[in-house]
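Peer 1:
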Amino acid sequence: NLTTTSKVLVGPSSTPFDIHTHLLINASPFFRAALTGPFLESTSQSITLPDLHADTFALALSWLYTSHISPVPFKDGKPAYYTLLHLYMLADRLCIEGLRNSVIDVIAALADRTNSVLTPSDTRLLYTALPRTDSPLHSLVLDLFAFKKTDRLLDSHQDRWHAGFLRDLCVRLKRPCEAAMQRHRLVGWCPVDWASVRACEECRGVLGVREGAVRCLGCGAAWCRACVRGGVGVAGWEDGRPGVGVGVGGRRAVGGEDEVFARQREEIDRLAKGGVEGGDARWATGRKWESCKPWRWSRCAIYHEHRETERCGE
Numbered sequence: 001n002l003t004t005t006s007k008v009l010v011g012p013s014s015t016p017f018d019i020h021t022h023l024l025i026n027a028s029p030f031f032r033a034a035l036t037g038p039f040l041e042s043t044s045q046s047i048t049l050p051d052l053h054a055d056t057f058a059l060a061l062s063w064l065y066t067s068h069i070s071p072v073p074f075k076d077g078k079p080a081y082y083t084l085l086h087l088y089m090l091a092d093r094l095c096i097e098g099l100r101n102s103v104i105d106v107i108a109a110l111a112d113r114t115n116s117v118l119t120p121s122d123t124r125l126l127y128t129a130l131p132r133t134d135s136p137l138h139s140l141v142l143d144l145f146a147f148k149k150t151d152r153l154l155d156s157h158q159d160r161w162h163a164g165f166l167r168d169l170c171v172r173l174k175r176p177c178e179a180a181m182q183r184h185r186l187v188g189w190c191p192v193d194w195a196s197v198r199a200c201e202e203c204r205g206v207l208g209v210r211e212g213a214v215r216c217l218g219c220g221a222a223w224c225r226a227c228v229r230g231g232v233g234v235a236g237w238e239d240g241r242p243g244v245g246v247g248v249g250g251r252r253a254v255g256g257e258d259e260v261f262a263r264q265r266e267e268i269d270r271l272a273k274g275g276v277e278g279g280d281a282r283w284a285t286g287r288k289w290e291s292c293k294p295w296r297w298s299r300c301a302i303y304h305e306h307r308e309t310e311r312c313g314e
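In the UniProt record's numbering, the protein residues as written are 1 to 314.
#1: Is G231 a contact residue of the ligand ATP, with contact defined as CB to any heavy atom under 7 Å?
#2: Is the beta carbon of A27 less than 8 Å from the beta carbon of I96?
#3: Give the straight-line distance between the Cα atoms of L23 and Y65, rounded to the nearest whole angstrom.
#4: Should H184 go down as buried or exposed, given a rule of 16 or more other Cβ atoms within 10 Å for buried?
#5: For the structure I just gave you, are there three or more beta carbon pairs, one from the segment 203-223 and one from the segment 186-193, closer than 8 Å?
#6: Buried or exposed, going by whether 16 or more other CB atoms sit within 10 Å of the CB of P79?
#7: Please state whether the Cβ-Cβ distance between L125 and L169 is less than 8 Å.
#8: Bridge partners of I19, per DSSP?
#9: Closer than 7 Å by C-beta to T150: which residues in its own chain qualify, once you throw out the five before and the five after it? Chain order, please.
#10: Just list the residues that DSSP pairs W189 with in beta bridges.
#11: In three-state DSSP terms, what is C200?
#12: By the three-class DSSP mapping on this structure, what secondary structure does V117 have?
#13: Just the Cα atoms here: how many angstroms apart are T309 and P131?
#14: On the three-state DSSP scale, how would you describe W161?
#15: What are the start and end residues of the beta strand (DSSP E) that includes I47?
#16: I'd like the ranges of any alpha helix (DSSP H) spanning at least 4 consecutive residues and lying wholly in the segment 106-152.
#17: Tell me which same chain residues have a C-beta within less than 7 Å of the C-beta of C312, skipping the five on either side of it?
#18: Could you tell me the distance, in whole angstroms, from the CA atom of R160 to the CA atom of P120?
#19: How long is the line joining the alpha carbons of A58 and C227, rounded to whole angstroms?
#20: Are the segment 30-47 and the segment 67-75 touching by the rule of at least three beta carbon pairs closer than 8 Å?
#21: With H, G and I counted as helix, E and B as strand and the rest as coil, what does DSSP make of A195?
#22: Using CA coordinates, which residue listed in T48, H86, R175 and L84 is at the minimum distance from V10?
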């Protein structure tokens, strides 16, 4: 029913927005209660939100009608993460779960596309204005810093990072978490011959020929089933260095680093040229884990909320 509209007055200047009531009450329990419950707003079909910003509400309204956040906020050619943080906080305040999930998606995509993360002032805004530190947004921001190469940025940035953010990031880096494995696209795998045998990335036990194991379609890393069941994983390198310990030639590599790396590079080149199991061999190229991030393959499972909305079907 798109015949009825409600008026929402936003900001200290009471900027008016006329919005189809059906969209408001379907997207937000807050508006549903206000416009259909025993309140004055349900009679007047008007709601006043004096402490919100009209520009941020306009961005939310665009999402309400299109299911997309548009335009994606940039300033001076860089992602305006602070605008997206304000949008998430508005969605949290108005209980618009779908918009919160969309903000998560845009931040994750922006971080990948522009190879960027939040600024120190963004972390202060996040931890000050959204003190609920168990929110999916906090989890995403921590993972962005944990899985991307941000050590120099954290060490050398002239502005001050929020103390709570640094504490949570330290805890995230010290404790194994489910995201370590959820970031991979795992499939069942068996080495077809001794030349393709590898070592489990976690326990370093050699995965024998025809033994059931698991590998990632994105980076090619492999694990024994016991480690996968335990939900463990390691960070890996993002600068192209292969991981130490991949078994080649039927035994575990035990030589020096140069010898190990040379063996692995040989095997990678062979697989990349000859194909792997009749399929795409790109998974073996470079032994980089850069393509494997939790916000890429498991975004819905880790960061989305679906108490009010349907699951994404990842």
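Where is the CB? At the ideal position from N, CA and C, for every residue including glycine. None of these values were measured; they are calculated from a predicted model.
Peer 2: So, from the listed chains and residues:
#1: Ligands are entirely absent from the displayed structure, and the ligand ATP is therefore not among its contents.
#2: Mapped onto the sequence shown, residue 27 falls at position 27. Mapped onto the sequence shown, residue 96 falls at position 96. Yes.
#3: For the purposes of this step, residue 23 is taken as the residue at position 23 of the sequence shown. For the purposes of this step, residue 65 is taken as the residue at position 65 of the sequence shown. Approximately 8 Å, taken between the alpha carbons.
#4: Taking the first residue of the sequence shown as 1, we reach residue 184 at position 184. So H184 counts as buried.
#5: Result yes; three or more Cβ-Cβ pairs closer than 8 Å.
#6: Taking the sequence shown and counting its residues from 1, one reaches residue 79 at position 79. Label assigned to P79: buried.
#7: Along the sequence shown, one-based indexing puts residue 125 at 125. Along the sequence shown, one-based indexing puts residue 169 at 169. Result no, Cβ atoms of L125 and L169 do not sit closer than 8 Å.
#8: Counting from 1 along the sequence shown, the entry for residue 19 is found at position 19. The partner list for I19 (beta bridge, DSSP) reads S6.
#9: For the purposes of this step, residue 150 is identified with residue 150 of the sequence shown, where counting begins at 1. These residues qualify, in order along the chain: V117.
#10: The sequence position of residue 189 within the sequence shown is 189, counting from 1. BP columns for W189 point to A213.
#11: Here the question's residue 200 lines up with position 200 in the sequence shown. DSSP places C200 in coil when its eight states are reduced to three.
#12: Along the sequence shown, read from residue 1 onward, the residue named residue 117 stands at position 117. In the structure shown, V117 sits in coil (DSSP, three-state: anything other than H, G, I, E or B).
#13: Here residue 309 refers to the residue found at position 309 of the sequence shown. Here residue 131 refers to the residue found at position 131 of the sequence shown. Roughly 24 Å separates the two Cα atoms.
#14: Sequence index remark: in the sequence shown, residue 161 carries index 161 (1-based). If DSSP states are grouped into helix, strand and coil, W161 belongs with coil.
#15: Taking the sequence shown and counting its residues from 1, one reaches residue 47 at position 47. Residues S46 to L49.
#16: 120-129 and 136-147
#17: Taking the first residue of the sequence shown as position 1, residue 312 is located at position 312. Excluding residues within five positions, the ones whose Cβ falls inside 7 Å are C300 and H304.
#18: Residue numbering aside, residue 160 sits at position 160 when the sequence shown is read from its first letter. Residue numbering aside, residue 120 sits at position 120 when the sequence shown is read from its first letter. Rounded to whole angstroms, R160 to P120 spans 6 Å at the Cα level.
#19: Here residue 58 refers to the residue found at position 58 when the sequence shown is read from its first residue. Here residue 227 refers to the residue found at position 227 when the sequence shown is read from its first residue. Taking the straight line from one Cα to the other gives about 48 Å.
#20: no
#21: Position 195 of the sequence shown, counting from 1, holds the residue named residue 195. Reduced to three states, the DSSP call for A195 is helix.
#22: Within the sequence shown, the letter at position 10 stands for residue 10. Ranking T48, H86, R175 and L84 by Cα distance to V10 puts T48 first.
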